[in-house]
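Chains as they are written, first to last, in the working numbering: chain A, 1 to 14; chain B, 1001 to 1257. Down below is the structure, laid out as structure tokens.
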Amino acid sequence: APRQGTLNRFFGKS
Amino acid sequence: MLEARLEQANLFKKVVDAIKDLVQDCNFDCNDSGIALQAMDNSHVALVSMMLRSESFAPFRCDRNIALGINLTSLTKVLKCAQSDDILTLKAEDAPDVVELVFESAESDRISEYSIKLMDIDQEHLGIPETDYGATISMPAAEFQRICRDLIALSESVSIECSKEGVKFACQGDIGSGAVTLRQHTNVDKPEMNVEINMSEPVSLTFSLKYLVNFCKASGLSNQVRLCLSNEVPLLVEYSLANNSHLRFYLAPKIGD
């Protein structure tokens, strides 16, 4: 089954 | 100081109701452009981004940047004390310990005043990159809610595929499978029923239905919802509000198979 990714990889701290 | 008067307390109630199961403690960032909120869920899978622009309030006054750290469970308790037709005014000092909520009845002379103790929330502020999405779908919010609620009965995940054929929501579960395909559709008499698909490249992504069903709690805020997809990037689910305000949800895709 596909595993859930997270947003950390996409949205950096500003 | 902050003083923000909202003609419809109900709008704020609905926004808080739509996000309170995803995020618990949030900073409401107030400045002269309006009231913004950005918060990730504990598992860092979903992000809520709300913007209530100053134009949505009348009057709106905010002299300097104020972060109101509020527990949404507490906020929900207080907002329950407002009638849906009430006028809501949010008030805070420049370095506040509390936020004040005043509910006024438009019809009677009742004024209700509540306050909520503020929290110090160490919030990581994330930069959301501008994205040229491969596919953008506008559709009735109620239709999207219906599809998500139907498919979650069969599976934890939904694949969203956008192609020349339209947009296909499909799932596979232990008992069987389900799929709903929508094509571009214009309803002249009821434009809120329109389905508009703009695609620059085919996209195919898989998402957790649990989160999507949660986002759909915002369905009462807007007739239409906009889904923005690109392969391997988070889904954007956007509910537009009056005066250029919005409630957006981002959801990280599921990876691999």
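Think of the CB as a built atom: it goes at the ideal place given N, C-alpha and C, for glycine as much as any other residue.
*B/A1009: first and last residue of the uninterrupted alpha helix (DSSP H) it sits in*: Element bounds for B/A1009: A1009 to I1019.
*C-alpha gap between B/F1169 and B/T1073, whole angstroms*: B/F1169 and B/T1073 have their C-alpha atoms spaced approximately 33 Å apart.
_Neighbour list for B/A967 in chain A, Cβ cutoff strictly below 9 Å_ = For chain B, the structure presents residues 1001 to 1257; residue 967 of chain B sits outside this window and is missing.
_For A/R3, which residues in the same chain have their Cβ closer than 8 Å to its Cβ, ignoring the five residues on either side in sequence?_
Excluding positions up to five away in sequence, the list is empty.
*asked:* On a Cα-Cα basis, can you pick out the residue from B/L1079, B/E1113 and B/R1064 that is closest to B/N1071?
replied: That would be B/L1079, whose Cα lies nearest to the Cα of B/N1071.
*Burial state of B/K955 (16 or more Cβ within 10 Å)*: Lying before the first or after the last residue shown, residue 955 of chain B is absent from chain B, which here runs from 1001 to 1257.
*B/C1081 lies in the alpha helix (DSSP H); which residues open and close that run?*
B/C1081 -> no alpha helix (DSSP H), and no H or E assigned at all.
*Any idea which residues DSSP pairs A/Q4 with across the strands?*
A/Q4 is bridged to B/K1254.
_Span separating the alpha-carbon of B/P1059 from that of B/M1199_ = Near 40 Å, if we compare the C-alpha coordinates of B/M1199 and B/P1059.
*Is the stretch 1152-1161 of chain B in contact with the stretch 1089-1106 of chain B, if contact means three or more CB pairs nearer than 8 Å?*
Using a Cβ-Cβ distance cut-off of 8 Å, the stretch 1152-1161 of chain B and the stretch 1089-1106 of chain B are not in contact, since fewer than three pairs of beta carbons, one from each stretch, lie closer than that value.
*Can you name the start and end residues of the alpha helix (DSSP H) that B/A1141 belongs to?*
From DSSP, the alpha helix (DSSP H) with B/A1141 extends over A1141 to L1151.
*Quick one: which chain A residues come within Cβ less than 9 Å of B/H1246?*
The contacting residues do not exist; B/H1246 stays about 17 Å from chain A at best.
*How about B/L1126: is its C-beta nearer than 9 Å to some C-beta of chain A?*
Answer yes: the Cβ-Cβ gap between B/L1126 and chain A drops below 9 Å somewhere.
_Given this structure, state the Cα-to-Cα distance separating B/C1062 from B/R1005, to the nearest angstrom._
Roughly 11 Å separates the two Cα atoms.
*In or out: B/V1188 buried (at least 16 other Cβ within 10 Å) or exposed?*
Per the 10 Å Cβ criterion, exposed.
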